[in-house]
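Enquirer: With the numbering used here as the guide, the letters of the sequence shown map in order to residues 56 to 488. Okay, handing you the structure first.
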Amino acid sequence: MRMYDVITKKRDGKALTKEEIDFFIEEYTQGNIPDYQASALCMAIFFQDMTEEERANLTMAMVNSGDTIDLSSIEGIKVDKHSTGGVGDTTTLVLAPLVASLGVPVAKMSGRGLGHTGGTIDKLESVSGFHVEMDKDEFIELVNQNKVSVIGQSGNLTPADKKLYGLRDVTATVNSIPLIASSIMSKKIAAGADAIVLDVKTGAGAFMKTEDESEELAKAMVSIGNQVGRRTMAVISDMNQPLGHAIGNALEVQEAIDTLKGEGPDDLTELCLTLGSQMAVLGNQAQTLDEARSKLEQNIRNGNALEKFRTFLESQGGDGQVVEKPELLPHAKYKIELPARESGYVSGMTADEIGKAAMHLGAGRATKESEIDLAVGLMLNKKIGDYAEAGESLVTIHSNQENIEEIKETLYKNIQIQKDSVNKPKLVRKIIE
Ligand code: URA
Ligand code: CA
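See the structure below:
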């Protein structure tokens, strides 16, 4: 087989066979196909698209390019959740204990964050003593015992995706539905998921800016999952503003605790119940989404979800007392208010720019080597549709530096206020089963 012929075939709009896709992925991963030929193929895929079958074959070729995690010794259906990237997205911290409290095993492999705020592990490390260093046997035992555990990423998962993503990034071929869908799905499958729930964000702060594009991506991923024997469902959710109120590591842990108690922000609660219902159905703990939702709501009301969070934290060395004493979480030295300069309704909050402001406070990493400050971040006191009097606080800035004029200016620039009233955006736009 010659790479030249594979490129020609795709350039001319024909579908590639499984053998051709396997050849490309194997040989590219090995270093036997040069970057210039791989980028020509990515560009051909960008313009000519791929059939559903090609997308599934590309996904599995990438899964098979490296290690895969075998979670078969965990009882039950392992359902994983993936979000296409939000700002202040606290859903994982809430969902893991919430669905585990229903008996769905959550075996989460997670990374540290880059940009915006920390990753799930960074956030959890704001609980004193919590750690993710353990061997795989211990991890599996914890999931069998408590139904939930989080471990750091290890192994050489989907090396083909790492290499291709780097190439796409510099050849203007990131934004291609078949390439994004196979990239995301290959990572979830390699990490051992039996079933997958996807939270595809849409709007100004998201990777996909329009609802149509987001839906196309969601459908592409659901189709791949179902073709390769991993039941998959998706939610399209709004990312025109950050989710919930908290952006920052310890602040988000606090927000997750509030939500598990039934006292969290409405939007975060709604998204967690929607995604959690899909996870419970795919994990065979409920027959319908409605039944799943009422079971989840019950476990919030009766305290089981919060108790599961405590057990989970303690099982990995964390101080479980934080669930009733959030003052044990790290706190920033200064709490600085951002007063509204004029009265009116909040009409826009550019999620990614606000996320960057939190990163500049120290809540996220500008580079892989940056140290993260777990205590700092933003609490949004107003969201789109809310009214603010002049002088009322829009944001409480939790900072360890006193002089943050630049950050305040960034926030003012990215929170729009107008005289006319504004509707609150609909959070859950679509459910794809
Ligand atoms: N995120 C991924 O993991 N892969 C892509 O291709 C795009 C976003
Ligand atoms: Ca949040």
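All C-beta atoms, glycine included, are put in the ideal place defined by N, C-alpha and C.
Would you report the Cα separation of Pro-152 and Gly-375, rounded to the nearest angstrom?
Expert: Position 97 of the sequence shown holds residue 152. Position 320 of the sequence shown holds residue 375. Going by the C-alpha atoms only, they are around 13 Å apart.
Enquirer: Would the C-beta of Ser-238 count as close to ligand 1, meaning under 6 Å from any of its heavy atoms?
Expert: For this step, residue 238 is matched to residue 183 along the sequence shown. Yes.
Enquirer: Going along the chain, which residues of its own chain have a beta-carbon closer than 7 Å to the beta-carbon of Leu-466, five neighbours each way excluded?
Expert: In the sequence shown, counting from the first residue as 1, residue 466 sits at position 411. Closer than 7 Å at Cβ, skipping near neighbours: Leu-393, Ile-409, Ala-412, Val-450.
Enquirer: What is the DSSP secondary structure of Lys-316, counted as helix, strand or coil?
Expert: The sequence position of residue 316 within the sequence shown is 261, counting from 1. Coil.
Enquirer: How is the alpha helix (DSSP H) around Leu-326 delimited, first residue to last?
Expert: The residue given as residue 326 occupies position 271 in the sequence shown. Start and end: 321-337.
Enquirer: State the Cα-Cα distance for the pair Asp-345 and Asn-281, rounded to the nearest angstrom.
Expert: For the purposes of this step, residue 345 is identified with residue 290 of the sequence shown, where counting begins at 1. For the purposes of this step, residue 281 is identified with residue 226 of the sequence shown, where counting begins at 1. Looking at the two C-alpha atoms, the distance is approximately 22 Å.
Enquirer: Once the 5 residues before and after Ala-341 are set aside, which same chain residues still bring their CB inside 8 Å of it?
Expert: As a first step, residue 341 is located in the sequence shown; it is residue number 286 there, counting from the start. Result list for Ala-341: Leu-157, Ser-332, Ala-335, Ala-347, Lys-350, in chain order.
Enquirer: Could you give the distance in angstroms between the alpha-carbon of Gly-141 and the alpha-carbon of Phe-262?
Expert: The residue given as residue 141 occupies position 86 in the sequence shown. The residue given as residue 262 occupies position 207 in the sequence shown. Going by the C-alpha atoms only, they are around 9 Å apart.
Enquirer: Measuring alpha carbon to alpha carbon, tell me which of Val-182, Leu-337, Ile-124 ends up nearest Phe-364.
Expert: In the sequence shown, the residue the question calls residue 364 occupies position 309. Looking at the Cα atoms, Val-182 is the closest of the given residues.
Enquirer: Determine the burial state of Glu-307: buried for a count of at least 16 other Cβ atoms within 10 Å of its Cβ, exposed for fewer.
Expert: The count along the sequence shown starts at 1 and reaches residue 307 at position 252. Classification for Glu-307: buried.
Enquirer: For the stretch 258-276 against the stretch 230-238, do three or more pairs of beta-carbon atoms, one drawn from each stretch, fall closer than 8 Å, so that the two count as touching?
Expert: Yes: the two stretches touch, three or more of their Cβ pairs being nearer than 8 Å.
Enquirer: Consider the C-beta atom of Ile-244 and the heavy atoms of ligand 1; say whether any pair is separated by less than 6 Å.
Expert: Working through the sequence shown from its first residue, we reach residue 244 at position 189. No - ligand 1 has no heavy atom lying nearer than 6 Å to the Cβ of Ile-244.
Enquirer: Please state the DSSP three-state secondary structure of Gly-207.
Expert: Your numbering for residue 207 matches position 152 in the sequence shown. Three-state result, Gly-207: strand.
Enquirer: Which residue wins for smallest C-alpha separation from Ala-111, given the options Ile-244, Gln-208, Val-154, Asn-199?
Expert: Here residue 111 corresponds to residue number 56 of the sequence shown, with the count starting at 1. With distances taken between Cα atoms, Ala-111 lies closest to Ile-244.
Enquirer: Compute the minimum distance between the beta carbon of Ile-291 and the heavy atoms of ligand 1, and state whether it is under 6 Å.
Expert: Here residue 291 refers to the residue found at position 236 of the sequence shown. Because no heavy atom of ligand 1 lies under 6 Å away, the Cβ of Ile-291 does not count as near it: no.
Enquirer: Does DSSP put Met-117 in a helix, a strand or coil?
Expert: As a working mapping, residue 117 is identified with position 62 in the sequence shown. It is helical.
Enquirer: Could you have a look at Leu-393 and say whether DSSP puts it in helix, strand or coil?
Expert: Translated into the one-based positions of the sequence shown, residue 393 becomes position 338. Strand, per DSSP.
Enquirer: Would you grab the beta carbon distance between Ala-215 and Tyr-83 for me? Rounded to a whole angstrom, and I think it's under 8 Å.
Expert: Counted from its first residue, the sequence shown places residue 215 at position 160. Counted from its first residue, the sequence shown places residue 83 at position 28. With a Cβ gap of about 7 Å, Ala-215 and Tyr-83 count as contacting.
Enquirer: So, helix, strand or coil for Met-58, using DSSP?
Expert: To locate residue 58, count along the sequence shown from 1; it is residue 3. Looking at Met-58 - three-state DSSP - the assignment turns out to be helix.
Enquirer: According to DSSP, Asp-374 sits in a beta bridge with which residue or residues?
Expert: Locating residue 374 in the sequence shown gives position 319, where the first residue counts as 1. DSSP lists no partner for Asp-374.
Enquirer: Which value, in whole angstroms, describes the spacing of the CA atoms of Asn-304 and Gly-260?
Expert: Mapped onto the sequence shown, residue 304 falls at position 249. Mapped onto the sequence shown, residue 260 falls at position 205. Going by the C-alpha atoms only, they are around 19 Å apart.
Enquirer: Would you list, in sequence order, the uninterrupted alpha helix (DSSP H) runs of no fewer than 4 residues that lie entirely inside the stretch 394-441?
Expert: Within the stretch 394-441, the complete alpha helix (DSSP H) runs of at least 4 residues are 406-416.
Enquirer: Following a CB-centred definition, is Ile-251 positioned closer than 6 Å to any heavy atom of ligand 1?
Expert: If you number the sequence shown from 1, residue 251 lands on position 196. No, the Cβ of Ile-251 stays beyond 6 Å of every heavy atom of ligand 1.
Enquirer: Entirely within the stretch 266-312 and at least 3 residues each: give me those beta strand (DSSP E) ranges in chain order.
Expert: Qualifying beta strand (DSSP E) stretches, in chain order: 286-293.
Enquirer: Just verifying my parser: in three-state terms, what is the DSSP assignment at Arg-110?
Expert: Counting from 1 along the sequence shown, the entry for residue 110 is found at position 55. Helix at Arg-110.
Enquirer: With DSSP collapsed to three states, give me the class of Thr-145.
Expert: The residue given as residue 145 occupies position 90 in the sequence shown. In the structure shown, Thr-145 sits in coil (DSSP, three-state: anything other than H, G, I, E or B).
Enquirer: Are at least three pairs of beta-carbons, each pair with one atom in the stretch 429-442 and one in the stretch 381-400, less than 8 Å apart?
Expert: At 8 Å Cβ cutoff, the stretches touch.
Enquirer: For the beta strand (DSSP E) containing Arg-167, list its first residue and its last residue.
Expert: Here residue 167 refers to the residue found at position 112 when the sequence shown is read from its first residue. Arg-167 -> no beta strand (DSSP E), and no H or E assigned at all.
Enquirer: For Arg-356, which residues in the same chain have their Cβ closer than 8 Å to its Cβ, ignoring the five residues on either side in sequence?
Expert: Sequence index remark: in the sequence shown, residue 356 carries index 301 (1-based). Counting only Cβ-Cβ distances below 8 Å, and skipping sequence neighbours, we find Gly-317.
Enquirer: Quick one: what's Ala-443 bridged to in DSSP?
Expert: Here the question's residue 443 lines up with position 388 in the sequence shown. Ala-443 is bridged to Gly-399.
Enquirer: For the beta strand (DSSP E) that contains Leu-253, what are its first and last residues?
Expert: Here residue 253 is taken as the residue at index 198 of the sequence shown, counted from 1. Residues 250-257.
Enquirer: Less than 8 Å between the CB atoms is what I'm expecting for Val-134 and Asp-249, so what's the real figure, rounded?
Expert: Indexing the sequence shown from 1 puts residue 134 at position 79. Indexing the sequence shown from 1 puts residue 249 at position 194. That belief holds up - the Cβ atoms of Val-134 and Asp-249 are roughly 7 Å apart, short of 8 Å.
Enquirer: Do Gln-353 and Gly-403 have their C-beta atoms within less than 7 Å of each other?
Expert: Translated into the one-based positions of the sequence shown, residue 353 becomes position 298. Translated into the one-based positions of the sequence shown, residue 403 becomes position 348. Against a cut-off of 7 Å, the Cβ pair of Gly-403 and Gln-353 comes out as no contact.
Enquirer: In three-state terms, what does DSSP make of Val-159?
Expert: In the sequence shown, counting from the first residue as 1, residue 159 sits at position 104. Three-state DSSP puts Val-159 in coil, outside helix and strand.
Enquirer: For the stretch 173-181 against the stretch 211-227, do three or more pairs of beta-carbon atoms, one drawn from each stretch, fall closer than 8 Å, so that the two count as touching?
Expert: Judged by Cβ distances under 8 Å, the stretch 173-181 makes no contact with the stretch 211-227, as fewer than three pairs qualify.
Enquirer: Any idea if Ser-120 is buried or exposed, counting beta-carbon neighbours within 10 angstroms, 16 or more meaning buried?
Expert: On the sequence shown, position 65 is the one that residue 120 refers to. Buried, by the Cβ-count rule.
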